[in-house]
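**Student:**
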Amino acid sequence: MPTHSMVIATVCLALFTASAAFAEGPNVGKPIDAADIAAWDISIQPDGTGLPAGGGTPADGARIYAEKCAQCHGPDGKGGVAGVAAAPLVGGAPITDISAATKTIANFWPYATTLFDYTRRAMPWQQPMTLTNDEVYALTAYILAQNNLIGENDTMNAQTLPKVRMPNRDGFIARFPEAM
Amino acid sequence: MSGSYRRRRGARYPRIEAVAGNGLLDRRALLGRGVIYAGAMSTGALGSFAAAAEPLKDAPLTDAPWSLELGATIEPYERPSRFEKSVVRTLNNPNGQPGAQGARTPHHLVNGVITPNGLHFVVSYGGAPDIDPDKHRLAIHGLVKQPLVFTLDALARYPMVTRVTFLECGGNSAPLFSPQPLQANVQALHGLASCAEWTGVKLSTLLDETGIDPKAKWFIAEGADAPHLTRSVPLKKGLDDAMIALYQNGERLMPANGYPMRLLLPGYEGNMNVKYLRRIKLVEEPAMSYWEAKVYAQILPNGKAYQFYLLQEVKSFITQPSPGLTLKGPGLYEIAGIAYSGAGRISRVMVSADGGRSWAEAALQEPILSKAFTRFRMPWRWDGSAVILQSRASDEAGNVQPTRAEFVAQRGELKAVPPVAAVLNQHCNAITSWAVDSAGEVKHAYT
């Protein structure tokens with residue numbers, strides 16, 4: 001009966017609190033495609049998904065590092081610049097203490113792709129997103145080489161970076177796996 | 181003491197029996213006929229009965245200046261009284277040097293369960309961006325059927341929800357990893373947790389419109405701030421109670437808390453509640469971002485580390501009394517504090533005044549909301565001797581807050597005493613002990 005249906009529809013509308021009960025939404029989100037989101041889509045996955053074209057070597061990275069990074073991270077990448085909380089990028093003894101201060105790229109970070117992702121999105125501290133992709137690859141290569149995680153002449157690019165095996169890859173456990 | 185006051189008051193109030201060591205009283209005394217408050221009026225807490233009977237030489241009850249002139253003109257947006265200048269957050273990095281900035285909530289100077297917006301804790305990795313809300317966009321893409329972008333105006337068209345929930349930095353309470361009790365107040369030890377009423381659009385509402393590719397198991401959330409802070413979140417949480425929060429305690433979000441919109445994941449680690457939210461990407465696997473792969477991964481004594489800790493576990497601490505709030509002589513007091521759990525509602529808070537040897541159940545202030553601060557209260561008759569106060573919370577999922585000894589046995593402790601503001605560890609939910617000496621001074625202690 002039309003009247004009966006209208007009553008039910010009205011009641012349903014009155015009762016909705018969230019999405020599930022309200023199949024027809026406002027639909028005022030604007031459709032976008034891959035090109036629209038490209039400038040923002042900077043996430044890199046551990047398997048390399050998202051890595052851009054380009055590449056760089058440790059030698060290229062050394063030059064960029066001296067110009068854009070050393071002032072905070074120190075000339076040798078070991079931190080210690082007065083008044084700056086920038087993390088050391090090179091070195092790190094095996095972890096024997098629970099302090100976060102002992103975590104480094106060499107002894108803790110599980111994936112090399114994270115280094116590219118973080119450097120591109122957040123560095124340099126005062127000028128994020130100003131490095132070119134080639135510069136980020138070169139800096140990534142330089143820091144990995146300084147940590148003896150790749151060779152001094154190895155080029156980092158979308159194919160090689162995900163293959164870098166980080167020493168602490170298997171050093172992690174989940175606290176609540178059922179929530180994941 | 182109590183005996184003498186009973187004689188003066190004609191024994192109108194029966195003495196309340198202690199239910200645990202060092203003078204903890206039955207919580208039901210708080211709910212009765214004003215027994216505790218009648219007691220407090222006539223004992224040490226507010227001066228002795230004899231002293232109260234003296235003429236008020238120091239402060240006679242006359243009209244004060246403010247009663248004899250008109251008050252200030254009312255302002256469009258009111259700020260606290262000038263006498264409340266000390267009720268502020270403490271900053272670890274007041275000049276905004278490169279590195280994280282933290283602002284801690286003064287739990288000992290506020291009450292109830294809602295943190296005022298100006299006092300809500302902040303941990304910021306790139307300062308508070310100056311976002312024009314009309315130009316801000318939220319994009320949802322990745323493993324969805326139709327990627328969409330929303331303006332703030334567009335989000336206002338969607339059904340909204342309001343809920344009270346706490347937020348807590350994964351590094352809150354990190355000073356308890358110190359091998360010696362750091363002498364600091366509750367703001368310094370536990371100030372990276374706050375609780376607010378949040379209003380916004382459920383993420384599931386927006387995902388209904390984008391549709392979800394069945395392969396999606398996680399989503400990546402990203403902010404529009406300088407470090408483009410990003411975290412991976414299980415999609416299960418996104419479809420449960422995740423919200424795009426637009427209002428904080430009724431007004432738009434504070435700039436340092438994510439204006440104009442943030443991800444709200446009730447009960448989950450603060451850093452995952454991404455501020456300045458501009459992008460959500462549905463993916464199969466987590467991105468292993470800097471913040472999840474390194475910063476908020478907690479090392480364990482066996483050398484492994486927790487990654488994706490997710491939940492903030494059941495915790496409580498006493499806010500009154502606490503360091504800096506000195507007791508003014510023996511008598512009846514109310515012990516009060518905050519309890520919360522990322523796993524749901526607080527089911528019970530026990531309080532001890534003898535360092536954990538005996539416990540009594542505290543009264544819980546209604547409403548007791550899931551994943552929200554719950555205020556607990558405990559009547560206490562202090563006899564003036566040295567005591568150690570503790571609180572221990574349980575949640576509806578059956579989790580019980582561990583003692584500090586139990587906690588560090590599992591999770592380790594630092595080798596050296598750290599600076600109090602250095603957040604060197606995460607996810608400590610151990611019991612906090614306050615040692616009260618015979619002069620009424622309160623200090624942080626371990627038992």
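Top line first, the protein sequences correspond to chains A and U.
Each residue of the first sequence is one higher than the one before, counting from 1 in my numbering.
Each residue of the second sequence is one higher than the one before, counting from 181 in my numbering.
Glycine included, C-beta positions come from ideal geometry on N, C-alpha and C.
1) Would you kindly work out how many angstroms separate the C-alpha atoms of A/Asp117 and A/Trp109, rounded to a whole number?
2) Report the neighbours of U/Asn609 on chain A: residues whose CB is nearer than 7 Å to its CB, in chain order.
3) Pick helix, strand or coil for A/Phe108, following the three-state DSSP scheme.
4) Give every residue of the same chain whose Cβ lies closer than 7 Å to the Cβ of A/Thr104, excluding the five residues on either side of it in the sequence, and list them in chain order.
5) Could you check the C-alpha separation between U/Leu210 and U/Phe556 for me, to the nearest Å?
6) To which residues does DSSP link U/Trp398 through a beta bridge?
7) Quickly, what does DSSP pair U/Trp562 with across the bridge? List them, please.
8) Just checking: is the beta-carbon of A/Gly74 within a distance shorter than 7 Å of some beta-carbon in chain U?
9) In whole angstroms, what separates the C-alpha of U/Glu621 from that of U/Ala615?
10) So, A/Ile150 versus A/Val164, is the Cβ gap smaller than 7 Å?
11) By the criterion of Cβ-Cβ separation under 7 Å, what are the contact partners of A/Asn27 in chain U?
12) Kindly say whether A/Tyr137, judged by its beta-carbon, lies nearer than 7 Å to any beta-carbon of chain U.
13) Does U/Tyr513 get closer than 7 Å to chain A when you measure Cβ to Cβ?
14) May I have a chain-ordered list of the alpha helix (DSSP H) segments no shorter than 4 residues that lie completely inside the region 546-625 of chain U?
15) Candidates U/Glu541, U/Phe399, U/Pro503, U/Pro510: which alpha carbon is nearest U/Leu362's?
16) DSSP state of A/Lys163, grouped into three classes?
17) Taking A/Gln159 as the reference, give the member of A/Thr119, A/Ala106, A/Gly50 with the closest Cα.
18) Just checking, does the region 285-305 of chain U make contact with the region 370-390 of chain U on the three C-beta pairs under 8 Å criterion?
19) Give me the Cα-Cα distance between U/Ala601 and A/Asn147, rounded to the nearest whole angstrom.
20) Below 8 Å on the Cβ atoms is my guess for U/Leu604 versus A/Ala100; work out the distance and round it to an integer in Å.
21) Going by DSSP, which residues form a beta bridge with U/Thr345?
22) From the beta carbon of U/His408, is the nearest beta carbon of chain A less than 7 Å away?
23) Please check if any C-beta of chain U sits within less than 7 Å of the C-beta of A/Asp180.
24) State the start and end residues of the unbroken beta strand (DSSP E) segment that holds A/Gln146.
25) In the DSSP assignment, the alpha helix (DSSP H) including A/Tyr65 goes from what residue to what residue?
26) Identify, in the order they occur along the chain, each residue of the same chain with its Cβ nearer than 6 Å to the Cβ of U/Gly418, setting aside the five sequence neighbours on each side.
27) Please state the DSSP three-state secondary structure of U/Met340.
28) Can you give the beta carbon distance from U/Met558 to U/Glu514, rounded, assuming they're within the 8 Å contact cut?
29) Which residues does DSSP list as the beta-bridge partners of U/Gly430?
30) Buried or exposed: which applies to A/Pro31, given that a residue is buried once 16 or more other Cβ atoms fall within 10 Å of its Cβ?
31) Interface residues of chain A around U/Leu236 at Cβ under 9 Å?
32) Do we get a CB-CB distance below 7 Å when we pair A/Val84 with the residues of chain U?
33) Determine the burial state of A/Gln45: buried for a count of at least 16 other Cβ atoms within 10 Å of its Cβ, exposed for fewer.
34) Report the neighbours of U/Arg584 on chain A: residues whose CB is nearer than 7 Å to its CB, in chain order.
35) Closest to U/Asn291 by C-alpha separation, out of U/Val567, U/Arg259, U/Cys375, U/Val454, would be which residue?
36) Check each residue of the region 102-120 of chain A: if its Cβ is closer than 8 Å to any Cβ of chain U, include it; give the result in chain order.
**Tutor:** Result, derived from the coordinates:
1) So the alpha carbons of these two residues sit roughly 13 Å apart.
2) Within chain A, no residue has its CB atom less than 7 Å from the CB of U/Asn609, the nearest being about 12 Å off.
3) In this structure, DSSP gives A/Phe108 a state outside helix and strand, which the three-state scheme calls coil.
4) Closer than 7 Å at Cβ, skipping near neighbours: Pro88, Gly91, Gly92.
5) Answer to the nearest angstrom: the Cα atoms are 11 Å apart.
6) Its beta-bridge partners are U/Pro414, U/Val463.
7) DSSP links U/Trp562 through a beta bridge to U/Gly511.
8) No, its Cβ sits nowhere closer than 7 Å to a Cβ of chain U.
9) Their backbone Cα atoms lie some 8 Å apart in a straight line.
10) A/Val164 is positioned such that its CB atom lies closer than 7 Å to that of A/Ile150.
11) For A/Asn27, the chain U residues whose C-beta falls within less than 7 Å of its own C-beta are Glu389, listed in chain order.
12) Judged by the 7 Å Cβ criterion, A/Tyr137 is not in contact with chain U.
13) By this cut-off, U/Tyr513 is not an interface position.
14) Complete alpha helix (DSSP H) runs here, min 4: 584-591.
15) Nearest of U/Glu541, U/Phe399, U/Pro503, U/Pro510 to U/Leu362, Cα basis: U/Pro503.
16) DSSP, read as helix, strand or coil, puts A/Lys163 in helix.
17) For A/Gln159, the closest C-alpha among the options A/Thr119, A/Ala106, A/Gly50 is that of A/Gly50.
18) Enough Cβ pairs lie closer than 8 Å, so yes.
19) Between the alpha carbons of U/Ala601 and A/Asn147 lies a gap of roughly 30 Å.
20) Contact flag correct, Cβ pair sits at about 5 Å.
21) Beta-bridge pairing links U/Thr345 to U/Ala376.
22) It does: the Cβ of U/His408 has a partner Cβ on chain A nearer than 7 Å.
23) Contrary to the premise, residue 180 of chain A reads as Met rather than Asp in this sequence. Chain U contact via Cβ: present.
24) Unbroken run through A/Gln146 is the alpha helix (DSSP H), 133-146; no beta strand (DSSP E).
25) A/Tyr65: member of the alpha helix (DSSP H) spanning 58-68, first to last residue.
26) Take U/Gly418, set aside five residues on each side of it, and the residues of its chain with a beta-carbon closer than 6 Å to its own are Leu383, Phe399, in chain order.
27) Reduced to three states, the DSSP call for U/Met340 is coil.
28) Yes, they are in contact, since the Cβ atoms of U/Met558 and U/Glu514 sit about 7 Å apart, within 8 Å.
29) Its beta-bridge partners do not exist; DSSP assigns none.
30) Around the beta carbon of A/Pro31, fewer than 16 other beta carbons sit within 10 angstroms, so the residue counts as exposed.
31) For U/Leu236, no chain A residue has a C-beta closer than 9 Å to its own C-beta; the minimum C-beta separation is roughly 54 Å.
32) Using a Cβ-Cβ cut-off of 7 Å, A/Val84 counts as an interface residue toward chain U, since at least one Cβ of chain U sits closer than that to its own.
33) Its Cβ being crowded by 16 or more others within 10 Å, A/Gln45 is buried.
34) Per Cβ cutoff of 7 Å: no residues; U/Arg584 is ~15 Å from chain A at best.
35) Distance from the Cα of U/Asn291 is smallest, within the candidate group U/Val567, U/Arg259, U/Cys375, U/Val454, for U/Cys375.
36) Taking 8 Å as the Cβ-Cβ cut-off against chain U, the residues of the region 102-120 of chain A that qualify are Thr102, Lys103, Phe108, Trp109, Pro110, Tyr111, Thr113, Thr114, Asp117, Tyr118.
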